[in-house]
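A quick write-up on the structure given underneath.
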Amino acid sequence: LGHFVLHRAQPPEGGFNCDKSSVYSGSDTMAVIEREANVFASNLLMPGDVFGKCINGSHVDLHLLSDLAKQFDVSFEALCIRFIQHTSQRAILVCWDNGYLDYESRSRAAVMTRAKVRRTDDPQEPLPNTVAADNSVAQEWNGITLSAAVWRAEEAPYMKLTEFKHTYSERDRVLSLLLLESAEPRPWDQSWQDGDSFDSYDQFISNGQLPVR
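Per this note's numbering, the sequence shown starts with residue 683, numbered consecutively.
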């Protein structure tokens with residue numbers, strides 16, 4: 683549904699179709715298209731108030747998120763995106779495509795504390811000593827506790843994070859979910875106010891499109 687709503691007017695040949703030859707239009711373009719569809723699905727199919735009740739007070743791991751993806755009938759990636767949008771935890775979702783960073787999505791709490799994956803190269807590969815970089819570990823759904831500084835040098839040495847990993851069956855794409863310990867917000871950092879965690883409903887309202895009653 684997300685593809686038809688968002689990409690029906692895009693080339694080739696004026697729109698988005700379901701056959702394989704029509705879907706393919708280059709790996710970079712398709713990665714963006716797929717991510718947009720996942721975001722759309724997460725907003726439309728998982729209302730924020732309903733989803734929030736599912737995760738509030740729950741022990742979060744990939745088993746829980748996988749079960750919720752089945753419950754809402756959405757892709758695992760779309761569910762993870764929704765989790766990032768609604769969790770009160772400092773959380774970061776990182777997607778790797780063919781061994782390189784595709785995108786990074788941060789929760790509001792992570793943005794407020796300036797928590798993000800440190801960059802060491804361009805394009806960025808998984809950082810050393812992380813589960814993401816360990817090719818012998820395809821799946822880590824229970825989570826492994828690491829020093830937060832492994833992913834983010836600015837973290838205090840005593841801060842910890844839990845790293846989760848999901849490798850897709852084709853092994854060309856990997857999702858890393860990072861749950862960091864709580865930290866005080868940076869009061870001078872106002873970038874969180876530009877957050878991207880609005881629902882589709884919120885977006886319509888902000889554009890002046892009031893619902894018809």
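We put the beta carbon where it would ideally sit given N, CA and C, even for glycine.
Is DSSP giving residue i helix, strand or coil here?
| i | result |
| --- | --- |
| G730 | helix |
| Y706 | Reliability of the predicted coordinates at Y706 is poor, the pLDDT of 42 falling under 50, and the value obtained from them is presented with this limitation in mind. Y706 falls in the coil class under three-state DSSP. |
| K847 | strand |
| R855 | strand |
| D749 | helix |
| E822 | strand |
| A773 | strand |
| A718 | One point to set straight first is that residue 718 is Glu, not Ala, in the sequence displayed. Three-state result, E718: helix. |
| E759 | helix |
| D871 | Unreliable positioning characterises D871 in this predicted model, as indicated by a pLDDT of 48, which lies under 50. The coordinate reading is nonetheless provided below. DSSP places D871 in coil when its eight states are reduced to three. |
| L744 | helix |
| R764 | helix |
| R790 | helix |
| N725 | helix |
| K798 | coil |
| S882 | Confidence at S882 is low in this model, with a pLDDT of 49, below 50, so the placement of that residue is unreliable and no value is reported for it. |
What does a CB cutoff of less than 7 Å around residue i pick up in its chain, not counting 5 residues either side in sequence?
| i | result |
| --- | --- |
| W874 | Low confidence applies to W874: its pLDDT is 46, below 50, so where it sits in the model is not reliable, and the reading given next is rough at best. Here the set comprises R790, V793, M794. |
| N811 | V832 |
| L746 | S740 |
| S770 | A791 |
| L750 | C736, L761 |
Restricting to Cα atoms, I'd like to know which of the options is closest to residue i.
| i | options | result |
| --- | --- | --- |
| L860 | V832, I715, A838 | V832 |
| D923 | A835, A820, I826, N725 | Not covered by the structure: residue 923. The range shown for the chain is 683 to 895. |
| I715 | A760, I737, H848 | A760 |
| R801 | P729, S748, A865, E836 | E836 |
| G781 | S757, A814, F722, I826 | A814 |
| C762 | D816, E807, I826, F846 | F846 |
| R834 | D803, R796, L857 | R796 |
Under 7 Å between the Cβ atoms of residue i and residue j?
| i | j | result |
| --- | --- | --- |
| L809 | L828 | no |
| M841 | E863 | yes |
| D743 | N824 | yes |
Once the 5 residues before and after residue i are set aside, which same chain residues still bring their CB inside 6 Å of it?
| i | result |
| --- | --- |
| A733 | Per the sequence presented here, residue 733 reads as Phe, with Ala not at that position. The answer, listed in chain order, is R764, H768. |
| E786 | V776, V799 |
| Q806 | L783 |
| Q753 | none |
Which same chain residues, not among the five before or five after residue i, have their C-beta less than 8 Å away from its C-beta?
| i | result |
| --- | --- |
| D755 | L727 |
| A773 | F765, I766, R788, S789, A791, A792, L859, L860, L861, L862 |
| P839 | S829, A831 |
| F758 | L747, S748, A751, H848, L857 |
What does DSSP give as the partner residue(s) for residue i in the beta ladder?
| i | result |
| --- | --- |
| K842 | S829 |
| D779 | Y782, R855 |
| L861 | A773, T844 |
Tell me, please, whether the CB atom of residue i is closer than 7 Å to any CB atom in chain B?
| i | result |
| --- | --- |
| N780 | Any reference to chain B falls outside this structure, which holds one protein chain only. |
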